[in-house]
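Enquirer: Residue numbers (the numbering used here), protein chains in the order written: chain A, 2 to 218; chain B, 2 to 218.
For glycine and all other residues, C-beta sits at the position ideal for the given N, C-alpha and C.
All of these numbers come straight from a predicted model, not from anything done at the bench.
Structure incoming, see below.
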DNA sequence: CAAGAACCGTACCGTACGGTACTTTCAGGG
DNA sequence: CCCTGAAAGTACCGTACGGTACGGTTCTTG
């Protein structure tokens with residue numbers, strides 16, 4: 002899933018290492034454990050360097066989100082011709098990837114952080130998270146269902162609306178439950194993904210796409 | 002840590018007033034603004050009383066959730082005979098109510114609080130929120146779709162699964178977006194609710210229920 | 001009316017955090 | 001070989017919070 006970053010790498014290797022340690026602290030201690038002294042200690046750097054590099058604590062948090070987002074690189078789908086079966090498969094793969102990403106410790110920790118911060122920083126971190134984290138995934142899904150439409154397998158007027166429907170079918174209230182700490186959320190992501198795709202195709206699939214679908218239960 | 006209490010008006014009127022002020026502080030200042038001194042000042046009570054009544058800060062937070070949950074009383078649906086139209090209408094009403102509840106300031110503030118606390122308190126507040134806040138809504142929806150099934154308007158094997166589908170169709174990623182501070186989430190809840198119910202009925206409605214539904218767009 | 005509990009207001013304590021300043025270490029470059 | 005700059009390590013400061021203690025005031029109750 003995660004690929005080496007090719008971009009001009011906003012931060013130096015040393016800084017990336019520091020951000021890595023900061024993420025580690027955040028993941029297994031929550032925001033309260035993410036103190037500037039703690040980060041400095043864990044990363045073997047001085048607090049003065051932290052403030053020089055990131056400005057202040059908020060700058061550090063933003064940098065952590067940017068760094069994490071830069072690690073996750075979603076390969077862009079190229080416009081291969083889709084069949085009914087391959088559309089279904091790609092949708093299932095996307096669903097599983099989405100659930101996996103949302104359930105990841107780092108993702109959960111960063112979302113918790115941004116949510117906790119949102120009331121007092123004007124949603125600065127939240128915007129950042131949505132902008133740099135979600136947009137990649139959104140684009141991938143949009144490209145996929147757009148290909149499905151062009152191949153005559155999907156039918157919809159508003160691609161955004163169709164995607165939101167798909168998202169809701171996949172995630173339901175799982176994300177919020179996980180954010181709240183509910184551990185027994187997804188018992189079987191594969192089954193969940195399959196169900197969501199089946200429902201999505203029943204809603205937006207053309208006859209061509211539904212040809213080899215299982216009958217209504 | 003405060004003791005578990007029983008239902009009949011868990012707290013005294015005076016304590017309820019204090020909790021009301023605490024909620025108000027939380028809503029427009031976030032968790033950081035919710036200091037014990039601040040609550041005492043806003044509610045014209047002493048810190049000593051706070052600690053006497055609620056044990057410690059965590060006890061106060063728990064009490065706030067319990068108090069808020071006790072205010073929201075969802076009337077139980079009785080088993081009136083459902084028609085295709087009335088099922089549709091009740092589903093739409095439920096959808097709108099759900100969106101309205103999730104978008105409420107107090108709900109958002111408490112969810113943010115519980116999410117921010119979840120890493121370090123073992124999801125105690127999160128569990129409380131799900132248990133006392135969501136269960137009411139869940140029961141109401143389950144009763145509704147169960148009535149729909151008994152009336153021959155809905156078809157499903159697993160009621161839980163059907164409900165989760167409905168929930169996902171209604172909420173999609175709106176809840177998390179709002180928690181992150183995205184303001185332009187729901188532009189038109191009525192339209193959103195209508196769309197969700199339409200999709201839900203296409204997935205789980207029988208021919209009887211679909212008789213007077215609009216054609217596929 | 002008197003005794004006692006409940007409670008308010010405030011002052012206080014220890015701690016821990018964000019942020020700054022200073023000294024030391026070390027690598028590279030003329 | 002020394003000069004310079006970056007960064008580590010440490011000590012420090014102001015502040016603000018959670019929690020406690022105490023004197024004064026109101027409310028209850030017999």
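Output the distance between the C-alpha atoms of residue 89 of chain A and residue 208 of chain A, rounded to the nearest integer angstrom.
Expert: 14 angstroms
Enquirer: Cα separation between residue 196 of chain A and residue 140 of chain A?
Expert: Approximately 22 angstroms between the Cα atoms of the pair.
Enquirer: Tell me, which residues are paired with residue 219 of chain B by DSSP?
Expert: Examination of residue 219 of chain B is not possible in this model, given that chain B is present from 2 through 218 alone.
Enquirer: Can you check which of these residues, A/31, A/121, A/47 and A/34, is closest to residue 19 of chain A by C-alpha distance?
Expert: Looking at the Cα atoms, A/47 is the closest of the given residues.
Enquirer: Using 8 angstroms as the cut-off, can you tell me whether the segment 64 to 77 of chain B makes contact with the segment 127 to 138 of chain B, which would need three or more C-beta pairs spanning the two stretches below that distance?
Expert: yes
Enquirer: Residues in its own chain within less than 6 angstroms of residue 91 of chain B by CB, not counting five upstream and five downstream?
Expert: 145
Enquirer: Would the beta-carbon of residue 114 of chain B fall within 8 angstroms of that of residue 62 of chain B?
Expert: yes
Enquirer: I'd like the list of long-range same chain contacts for residue 194 of chain A, defined as Cβ closer than 6 angstroms, with 5 residues on each side in sequence excluded.
Expert: Result list for residue 194 of chain A: 93, 96 and 97, in chain order.
Enquirer: For residue 16 of chain B, does the three-state DSSP call read helix, strand or coil?
Expert: Three-state result, residue 16 of chain B: helix.
Enquirer: According to a CB-to-CB cut-off of less than 9 angstroms, which residues of the segment 27 to 48 of chain B neighbour chain A?
Expert: 27, 28, 29, 30, 31, 32, 33 and 34
Enquirer: How many angstroms separate the CA atom of residue 86 of chain A from the CA atom of residue 152 of chain A?
Expert: 12 angstroms
Enquirer: Cβ closer than 8 angstroms: which chain B residues qualify as neighbours of residue 165 of chain A?
Expert: 173 and 174
Enquirer: Please classify residue 178 of chain B: is it buried, with 16 or more other beta-carbons within 10 angstroms of its beta-carbon, or exposed?
Expert: buried
Enquirer: I'd like to know if residue 62 of chain A contacts chain B, where contact means its C-beta is closer than 8 angstroms to some C-beta of that chain.
Expert: no
Enquirer: Residues of chain A with CB closer than 9 angstroms to the CB of residue 113 of chain B, please, in chain order.
Expert: For residue 113 of chain B, the neighbours in chain A by C-beta distance under 9 angstroms run, in chain order, 116, 117, 119 and 120.
Enquirer: Starting from residue 112 of chain B, follow the alpha helix (DSSP H) in both directions and report where the run begins and ends.
Expert: 106 to 122
Enquirer: Would a check of beta-carbon distances place residue 203 of chain B closer than 8 angstroms to chain A?
Expert: yes
Enquirer: Measuring straight from C-alpha to C-alpha, what distance separates residue 32 of chain A and residue 102 of chain A?
Expert: 20 angstroms
Enquirer: Using a Cβ-Cβ distance cut-off of 8 angstroms, determine whether residue 200 of chain A contacts chain B.
Expert: Closer than 8 angstroms: yes.
Enquirer: For a contact meaning CB atoms closer than 8 angstroms, what does residue 291 of chain B contact in chain A?
Expert: In the structure as shown, chain B begins at 2 and stops at 218. Residue 291 of chain B is therefore absent and cannot be evaluated.
Enquirer: Can you tell me where the alpha helix (DSSP H) with residue 175 of chain B in it begins and where it stops?
Expert: For residue 175 of chain B, the enclosing alpha helix (DSSP H) stretches over residues 175 to 181.
Enquirer: Taking the alpha helix (DSSP H) that residue 161 of chain A belongs to, which residues open and close that run?
Expert: 160 to 172
Enquirer: Within 8 angstroms, do at least three Cβ pairs link the segment 102 to 111 of chain A to the segment 48 to 59 of chain A?
Expert: no
Enquirer: Give the interface partners of residue 181 of chain B over in chain A, defined as CB-CB distance under 7 angstroms, in chain order.
Expert: The contacting residues are 115, 116, 119, 124, 127, 130 and 131.
Enquirer: Is it buried or exposed for residue 129 of chain A, if we count other Cβ within 10 angstroms and need 16 for buried?
Expert: buried
Enquirer: Can you give me the C-alpha to C-alpha distance between residue 203 of chain B and residue 105 of chain B, rounded to a whole angstrom?
Expert: 29 angstroms
Enquirer: Using a 10 Å radius around the Cβ and a threshold of 16 neighbouring Cβ atoms, would you call residue 296 of chain A buried or exposed?
Expert: What is shown of chain A runs 2 to 218, which leaves residue 296 of chain A out entirely.
Enquirer: When you compare only the Cα positions, how much space is there between residue 123 of chain A and residue 23 of chain B?
Expert: 21 angstroms
Enquirer: Below 7 angstroms CB to CB, which residues in the same chain sit around residue 149 of chain B once its five sequence neighbours on both sides are set aside?
Expert: 83, 88 and 155
Enquirer: Relative to the C-alpha of residue 162 of chain A, which residue among B/206, B/58, B/147 and B/170 is closest?
Expert: B/170
Enquirer: Within its chain, find whatever has a CB closer than 6 angstroms to the CB of residue 43 of chain B; leave out the 5 residues flanking it on each side and keep chain order.
Expert: 22 and 26.
Enquirer: Measure from the C-beta of residue 12 of chain B to each C-beta in chain A and report whether the shortest distance is under 8 angstroms.
Expert: no
Enquirer: Counting only beta-carbon atoms, is residue 154 of chain B nearer than 8 angstroms to chain A?
Expert: no
Enquirer: For residue 93 of chain A, which residues in chain B fall below 8 angstroms Cβ to Cβ?
Expert: Going along chain B, no residue has its Cβ under 8 angstroms from residue 93 of chain A, so there is no contact; the nearest lies around 16 angstroms.
Enquirer: Give a yes or no on whether the minimum CB-CB distance between residue 169 of chain A and chain B is below 8 angstroms.
Expert: Interface annotation, residue 169 of chain A: in contact with chain B, CB-CB separation under 8 angstroms.
Enquirer: Provide the residue span of the alpha helix (DSSP H) that contains residue 132 of chain B, from first to last.
Expert: Per DSSP, residue 132 of chain B belongs to no alpha helix (DSSP H) and is neither H nor E.
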